[in-house]
Every structure is written in C-alpha cells, then in structure tokens.
Amino acid sequence: ILPENLVLRVQNEWEPKRDDLLLVAAKKYSKDNDAKIVLNYLLSQNIDINTVSRSRNCLKIAIMNDDVEFVSLLLDHGANVEKLPGLGMNPLIEALWYPRSNSERVCQLLLTHRNSKDVIDVNCFEENVSCDTALQFAAKHGYTNTMELLLSFPNIDINSSSRAGWTPFISACAECNSFCVQLILQKA
6 ILPENLVLRV
16 QNEWEPKRDD
26 LLLVAAKKYS
36 KDNDAKIVLN
46 YLLSQNIDIN
56 TVSRSRNCLK
66 IAIMNDDVEF
76 VSLLLDHGAN
86 VEKLPGLGMN
96 PLIEALWYPR
106 SNSERVCQLL
116 LTHRNSKDVI
126 DVNCFEENVS
136 CDTALQFAAK
146 HGYTNTMELL
156 LSFPNIDINS
166 SSRAGWTPFI
176 SACAECNSFC
186 VQLILQKA
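In this note's numbering, the protein residues as written are 6 to 193.
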C-alpha cells in the first residue's frame, strides 16, 4: 500500500501526487508488461483513475494509444466516459478524431460497456475546430459498426450540424460512404 505521506522525486524537479503515478504507468501500459503490473497494482490501491493532469487522464491516454485492452480495463474500474474538466475532448470524440487501427473497436467499447452505455453522450461534439458530432466523425471515416451503435440510441440527433453546416448525412455523402448513407436514411 502506498502511504499518503510518501514523497517521490524525479531528478529533483517533479513531485508527483499519488494519482499522477497512475498517469505515468498509463503512458507506458501498451508498450511495457511491467507497466501493466504496476498499473494493476495502483488500480488496486483505490487511486482515482479519473484524475486529470496536464490535460490528460488514463482513459484519454488509452484512447490515444489505441489500446482496446487498456480502455476495457479502465472502464471495468469505473473510468468516466463523460468529458471531464481539464480535458480537451469527450472520450468518444477522442476515439473518433484521428482514425487509428482500433478506433472503431474503442468506440464500440465506449458505447456498449456496462459502466458507460447508460451515461455516454452520443450527441457529443468536438468543441474547438469543426464542432463535428460523434455521428459525423463515424460517417466521415466509414465506421459502419459505430454508426449502427450510435443510431441505435433513441436520443441520437441525425440532423446535428457542424460549424460548417454539415450534417452526418452530408459527411457520409462527401466521403462516398454508401453504407453510412443508407444507415442514416433508414433512421430518418
């Protein structure tokens, strides 16, 4: 057990808080088996996994690393799927923002996990540049499975528009994603 009064110093420059240790281990999780052991130990010590430091938290790091296993582990331990203060984007938008090899699997996990499916904001949008919604990103990238999941939510807004005035339908058409176009037309 890590005592509350334990002081750690890294080259006499940085004094991490207990919760910061989790972020340090999280950054190395997908590349280092020892980091997985350390992270699991820290998770067993009831450290707050939703801590935000330097505009990051563990879930954001897992999504940025495109690590489905890590995202699942964090969701199992109660990671918050809502946008937290200090974070730039909602986790679902973070997963959709840049296409990565596991982006669609990460999105599906965020939308279906038992700890997130009832609280996730399916109408979330990117706030800084385009104001695209999760549905628009899925339509742009041709993520048909993610689109099907998003469209299964009764409160999904299929007519939301980006800053440029684009809707998910227009995004799907512009990218020639015919199956995404069909999915939206079926929902309309």
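Where is the CB? At the ideal position from N, CA and C, for every residue including glycine.
Note that this is a predicted model, so its numbers are computed, not measured.
Burial state of I42 (16 or more Cβ within 10 Å)
With fewer than 16 other CB atoms across the displayed protein chains lying within 10 angstroms of its CB, I42 is exposed.
Under a three-way DSSP split, which group does F75 fall into?
helix
Exposed or buried, what is A67 when buried is set at 16 or more other beta-carbons lying within 10 Å of its beta-carbon?
buried
Take the Cβ of S167 as the centre, count every other Cβ of all protein chains shown within 10 Å, and call the residue buried at 16 or more, exposed below.
buried
One or two residues paired with T138 in a DSSP bridge:
Answer is F130, bridged to T138.
Close Cβ partners of C178 (< 8 Å) along its chain, the five nearest in sequence each way excluded:
V186
If contact is defined by three or more beta carbon pairs under 8 Å, each pair taking one atom from either stretch, is the region 101 to 108 in contact with the region 119 to 128?
Note that the region 119 to 128 does not touch the region 101 to 108; fewer than 3 beta-carbon pairs, one per stretch, sit closer than 8 Å.
What would DSSP say about R61, mapped onto helix, strand or coil?
Here DSSP, grouped into helix, strand and coil, assigns R61 to strand.
Can you give the Cα-Cα distance for R59 and Q191, rounded to whole angstroms?
42 Å
Beta-carbon proximity check, D71 vs S108, cutoff 9 Å
yes
What number of angstroms, rounded off, separates the C-alpha of A84 from the C-alpha of A193?
33 Å
Cα-Cα, which of C136, Q113, A31 is closest to V57?
A31
Neighbourhood of S77 by C-beta distance below 8 Å, restricted to the same chain and skipping five residues each side
L114, H118
For L64 versus N51, is the C-beta spacing smaller than 9 Å?
No. Outside cutoff.
On a Cα-Cα basis, can you pick out the residue from T149, N182, I163, D53 that is closest to R110?
T149
Cutting at 7 Å between CB atoms, please list the residues of its own chain near L79, excluding the five before and the five after it.
I54, C63, L64, A67
Alpha helix (DSSP H) segment containing F158, residue limits:
Where F158 is concerned, there is no enclosing alpha helix (DSSP H), given that its DSSP letter is neither H nor E.
Count the other CB atoms, across all protein chains shown, that sit within 10 Å of the CB of P159; report buried if there are 16 or more and exposed otherwise.
exposed
Taking the beta carbon of L13 as the centre, do at least 16 other beta carbons fall within 10 Å, making it buried, or is it exposed?
Interpretation of L13 is limited by its pLDDT of 46, a score under 50 that renders its predicted location unreliable; the figure taken from the coordinates is listed afterwards. Under the 10 Å beta carbon count, L13 is surrounded by fewer than 16 other beta carbons and is classified as exposed.
Report the rounded CA-to-CA distance for I175 versus V73, giving the unit in angstroms.
30 Å
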